[in-house]
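Quick notes on the structure that follows.
So, in structure tokens, the structure goes:
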């Protein structure tokens, strides 16, 4: 993100004069990379799936693991945090999806599962895109990896339709679902 800010400041200054300070990039020799929690010899990457399906919450001050949650499949989606509704003390949930198209709501303080829901039953459906929250609704993009089995001559391609699902952020109940391809493909 620092490189993006540097580029924005440079371009702005080229166009409007030297008004913004271009952030200086400081990379210490020790700790210059954040290492993967499952494979400590590798650099952590948001493009690498947690094939084990483990989501970690780290203490911001110490970097120590506060809790971990094991999903039913690998996790590649972003984690979104939202305050749950209701009276009483504030309670927050972390939302994410897995490689079997299951969405999870996990208590942010404890890592305990609040709810989970498989939002598509297609064999190769998955959630890899970022979910979004607005006014208590969780919007989930559902994709697939149908191009892989679709390359086999015996696979009845192509049946996946793609969708966006809206869920109630507190209960996980499906509010609506819309498909990229409105009609189910005939096989």
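Numbering (this note's numbering), first residue to last: 1 to 187.
Idealized CB from N, CA, C, for every residue including glycine.
The model shown is predicted, which means the values in this text are computed figures rather than measured ones.
> Out of curiosity, what's the CA-to-CA distance linking residue 148 and residue 101?
Replying inline: Going by the C-alpha atoms only, they are around 17 Å apart.
> When the Cα of residue 111 is compared with those of 81, 118, 103 and 69, which residue comes out closest?
Replying inline: Residue 69 is the option with its Cα nearest to residue 111.
>> Quick check on the DSSP output: what are the complete beta strand (DSSP E) runs of length 3 or more inside the region 84–164, in order along the chain?
In response: Runs of the beta strand (DSSP E) inside the region 84–164: 92–97, 102–107, 113–118, 132–134 and 137–144.
>> Let me make sure I understand the geometry here. Which of 160, 120 and 75 has the alpha-carbon closest to that of residue 95?
In response: The shortest C-alpha separation from residue 95 is found at 75.
> Which same chain residues, not among the five before or five after residue 179, have their C-beta less than 8 Å away from its C-beta?
Replying inline: Excluding residues within five positions, the ones whose Cβ falls inside 8 Å are 161, 162 and 163.
> If you draw a straight line from the alpha carbon of residue 188 to that of residue 57, how long is it in whole angstroms?
Replying inline: This structure gives no information on residue 188, because the portion of the chain shown stretches from 1 to 187.
>> I'd like to check one pair, residue 133 with residue 176: are the Cβ atoms closer than 8 Å?
In response: In this structure, residue 133 does not lie closer than 8 Å to residue 176 by Cβ.
>> So if DSSP puts residue 69 in a beta bridge, which residue, or which two residues, is it bridged to?
In response: In DSSP, residue 69 forms a bridge with 55.
> Just checking my contact of residue 97 with residue 131 at CB under 8 Å: how many whole Å lie between their CB atoms?
Replying inline: With a Cβ gap of about 7 Å, residue 97 and residue 131 count as contacting.
> Residues in its own chain within less than 7 Å of residue 90 by CB, not counting five upstream and five downstream?
Replying inline: For residue 90, where only same-chain residues beyond five positions count, the Cβ hits under 7 Å are 83.
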